[in-house]
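To keep things clear, I will list the structure first and then write my remarks on it.
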Amino acid sequence: MIFKGPKGSWTPTPTSPGAWWQCCCLPWKQLKLQEELEALTRSNVLLIPNLVSSAQETLLFVREGVHGKPLKNRFEPPPEPDHVVGLGLANPLSLFNKLKSHLLETATSVILFTGLAGYGKTTWATLLCSDVQVREKFGENILFLTVSKSPNLKTLVQSLFQHYGYAMPDLDLADDRHFISHLKKLLKEIVTSPMMLVLDDVWPQSQSLVDAFKVQHLSDYKILVTSRFKIAGIEPVFRMEPLCLEDSVTLLSHLALPNEERSSDHGEKLVLIREIARGCYGSPLVLELVGGSLKRERLNVWRQKKKKLSKGHPIINSHNELQSILKYLDDLLEDKSILKECFMDLGLFPEDQKIPVAALIDIWTEQNKSDDDDLDPRPKFKEADAVNIVFNLKDRHLTDLVMKREVATDLDDYCNHHFLMQHDLIREMIEASQGPYRKRKRLVFDMNENNWSQQNQQNTIAHTLSISTCKMVTPELDNIVKAEVLEVLVLNLRTKKYTFPEIIRKMVELKVLIVTNYDDLYCSELNNFELLNSLSGLKRIRLERISVTTLGKWHKLRKLSLYNCNLNKVFESDNIPISVKLPSLVELCIDYCKDLVKLPAELCHITSIKKLSITRCMGFIALPQDIGNLVNLKTLRLSSCAVFEEVPTSIGKLLQLRFLDISGCVSLRSLPEDIGDLRNLERLHMIGCSSCKMPSLVMKLENLKYVRCDEETAEIWKADFKPSLPNLNIEEANDHNLFIFYDNI
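Numbering (the working numbering), first residue to last: 13 to 757.
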């Protein structure tokens with residue numbers, strides 16, 4: 013949706029004109045692109061005609077999205093499920109149609125939709141947002157906000173201002189009254205036509221937040237509230253009931269027998285499905301869990317499941333739903349200790365936030381890694397095993413997998429653009445199964461919910477600590493955790509500045525550090541970063557939306573991930589060479605760091621590096637000239653770096669290189685002849701690189717098996733190189749998601 017504010021103090025913040033590639037490769041703000049185009053056409057600088065045309069086409073693409081679909085933003089509803097039952101669309105008196113009628117026809121401004129957890133309230137709200145009649149009335153003026161148990165009103169208000177292109181008010185020192193005042197003023201400005209707002213997963217303590225979104229005398233402004241609870245003052249109330257048995261059977265069949273060819277036991281499975289569905293008490297969530305556990309399992313497993321559910325009570329009953337599902341979850345994961353422990357780690361991250369798969373892989377790989385000596389009886393645990401666990405949890409419907417963009421993962425298990433989402437009830441199951449405080453293997457504290465100071469005894473066995481906070485300072489932890497045994501520290505921040513607690517000095521066994529700022533309006537500044545220098549055993553560090561001012565001396569660090577960070581020229585200003593600070597580095601991942609210009613030349617002295625990924629860094633210009641010194645490098649990703657212009661000739665020395673990705677490097681005009689020396693190169697991605705000239709020596713790449721490119725480039729490969737490389741597979745990329753750089757990061 014394109015929105016321009018009225019004149020005066022409420023006009024959108026202008027965006028300064030930039031280089032042409034910003035128009036082509038930064039379609040993350042429609043309003044900013046519109047202003048960019050207008051600024052270019054007003055400029056006195058001589059413009060090439062097709063440059064303006066390209067900008068116009070890009071703006072049209074931003075408006076319409078991929079294949080005519082609108083681009084995603086943080087206020088759009090979750091993706092629709094692939095299979096839905098129980099709507100009763102053909103029945104005008106069905107609950108779904110009654111709810112829709114109230115949204116479309118009545119004068120009621122606020123509607124409450126309630127039901128037990130796992131009954132599908134969010135799914136129904138999502139389907140309402142995409143309903144044809146609802147779309148006809150509200151158009152693009154549909155906002156979907158997930159409120160959750162501990163909402164941050166300030167963040168919601170500022171995000172709305174940003175979404176509509178208004179200058180954000182300074183709310184750092186304001187209280188809730190100021191937030192509400194600004195919110196109501198904004199709503200009065202933007203609700204000029206029918207508008208629908210969904211407030212999903214509202215808890216009773218958030219009634220004041222619902223009131224904040226109410227605005228008197230606004231016609232056709234509807235608020236749909238979903239909640240497990242009845243919230244005082246909101247009428248009418250629509251209550252969701254369990255699925256009937258027939259719908260339960262239909263859903264379970266879809267989940268447990270997906271596209272399965274009919275086998276000799278197919279008939280008995282259909283009979284068992286009915287009995288199993290009866291024990292799920294009409295809960296879509298439990299049906300998903302059961303269906304995931306039965307999919308592709310032997311008939312004997314189905315019989316055992318039916319027998320277990322036929323004993324006693326159903327899985328869920330309305331009086332004790334959480335404990336009942338928790339018991340079932342224990343049964344689901346029994347005899348799968350590693351899978352269960354990894355599943356429990358999903359609780360280390362905040363509710364209703366995307367969980368980075370890359371962070372989980374870092375944690376699981378280090379925690380399950382066996383010792384190097386031959387006497388260790390444990391099997392070798394690799395990153396590929398961690399990736400398999402992610403998909404195992406997804407297949408069991410214990411989590412949802414969200415992929416920001418399609419990337420190759422089969423060569424090096426690269427998952428930097430993969431995220432997990434969890435149903436709230438499943439997360440609560442994790443919290444409820446932690447056990448007695450002193451015996452917990454992981455400690456999770458949310459300072460925003462005051463579950464910190466309640467501990468009056470020390471846990472001496474936990475190896476993992478997670479802290480969520482919106483405050484600058486964390487209280488000391490000496491009385492509640494034994495720092496000397498901690499191996500994993502996860503910090504979930506919502507604050508502009510954060511000061512590390514002094515106890516970090518004692519974390520001598522710490523192997524993994526994950527620091528994430530969940531406020532996407534700014535990068536958090538980390539004070540006393542030098543405390544991390546004492547962590548000599550660190551193996552993996554991942555920072556997201558963090559302002560990085562220096563790098564520590566981590567002699568054992570193997571992986572450094574910087575995601576959407578401000579680097580503040582950290583690589584240029586450091587007096588100590590990076591090769592001295594990080595001599596054991598194996599993998600460096602830098603994503604969405606817009607102020608990264610160059611990598612330090614000293615990086616080429618770290619010959620242990622095997623993976624180097626620089627993606628979507630819009631200011632990145634060049635690789636070090638001596639990149640060929642990284643003799644062990646196997647993967648080189650340079651995708652979506654719009655001003656990257658030249659691949660050094662020394663790349664020919666990378667004899668171990670197996671994968672090269674230059675997709676979206678629109679300023680790259682050619683590859684050097686030396687690329688023909690990469691005899692072990694197996695895969696080359698170059699989507700959006702139609703202007704990049706390929707040297708004739710490409711024909712020497714005898715091990716090249718796979719090239720992914722756009723249609724125009726594919727024709728060149730087929731005509732010029734395919735005859736000399738008979739085993740080469742050429743795939744034409746039809747999607748444009750490469751150029752959606754900042755949607756929902």
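For each residue, glycine too, the CB sits at the ideal point set by N, CA and C.
In the DSSP annotation of this structure, the continuous segment of the alpha helix (DSSP H) that includes S260 starts and ends at L257 to A268. Exclusion of the five residues before and after E287 leaves K318 as the residues of its chain whose Cβ lies within less than 6 Å of its Cβ. Collapsing the DSSP output to three states places V527 in a strand. Within the DSSP bridge table, the entry for T126 names S239 and R251 as partners. With respect to the C-alpha of A119, the residue from G304, I235 and N153 having the closest C-alpha is I235. DSSP links R454 through a beta bridge to T476. For C721, the enclosing beta strand (DSSP E) has its first and last residue at Y718 to C721. Apart from the 5 residues on each side of it in sequence, K606 sits with its Cβ closer than 7 Å to the Cβ of C629, M630 and G631 in its chain, given in chain order. Taking the Cα positions, A613 is about 43 Å away from I473. For the 8 Å CB-CB criterion, R251 and T377 do not form a contact. Spatial neighbours of H430 in its own chain (CB-CB distance under 6 Å, excluding positions within 5 residues in sequence) are listed in chain order as V369 and M415. At a Cβ-Cβ threshold of 8 Å, L255 and L263 count as neighbours. Taking R240 as reference, the option from S708, V144, Q174 and K161 with the minimal CA-CA separation is K161.
A direct Cα-to-Cα measurement between L198 and G177 gives close to 11 Å. With a cutoff of 8 Å on beta-carbon distance, G640 and L666 are scored as near each other.
When the five nearest sequence neighbours on each side are left out, the beta carbons in the same chain lying within less than 6 Å of the beta carbon of P206 are those of K149, F150 and D232, in order along the chain.
Between L555 and I516, the C-beta spacing is not below 8 Å. When C-alpha distances from V144 are compared across Y131, S113, K392 and Q170, the shortest belongs to S113.
Within the segment 489-573, the runs of beta strand (DSSP E) at least 3 residues long that lie entirely inside it are, in chain order, 500-505, 509-511, 524-529, 536-539 and 552-556.
Of the candidates V302, T528, F361 and C482, F361 places its Cα closest to the Cα of L455. Taking a 10 Å sphere around the C-beta of R315, we find fewer than 16 other C-beta atoms and assign the residue as exposed. In the structure shown, K234 adopts extended strand secondary structure according to DSSP, grouped into three states. Going by beta carbons, C535 and S573 fall outside the 8 Å limit. Counting the other Cβ atoms within 10 Å of the Cβ of V283 gives fewer than 16, which makes it exposed. Here the C-alpha atom of Q446 lies approximately 42 Å from the C-alpha atom of S652. With 16 or more neighbouring CB atoms inside 10 Å of its own CB, E440 falls in the buried class. Nearest in C-alpha terms to L538, of all of K551, T562, L522 and D532, is T562.
Judged by their CB atoms, C616 and P589 are not nearer to each other than the 8 Å cut-off. Going by beta carbons, T481 and L505 fall inside the 8 Å limit. As the crow flies, the alpha-carbon of V659 is around 18 Å from that of E694.
N471 sits close to I492, with the two beta carbons spaced by under 8 Å. Per DSSP, the unbroken alpha helix (DSSP H) holding E440 starts and ends at D436 to A444. The beta carbon of E443 lies closer than 8 Å to those of G359 and V456 in the same chain, with the five residues before and after it left out.
Rounded to whole angstroms, the separation of the alpha carbons of R557 and I202 is 29 Å.
For I154, the enclosing beta strand (DSSP E) covers residues I154 to S160.
Within its own chain, the residues whose Cβ lies closer than 8 Å to the Cβ of D357, once the five positions on either side in sequence are excluded, are L372, I375, W376, R454 and T476, listed in chain order.
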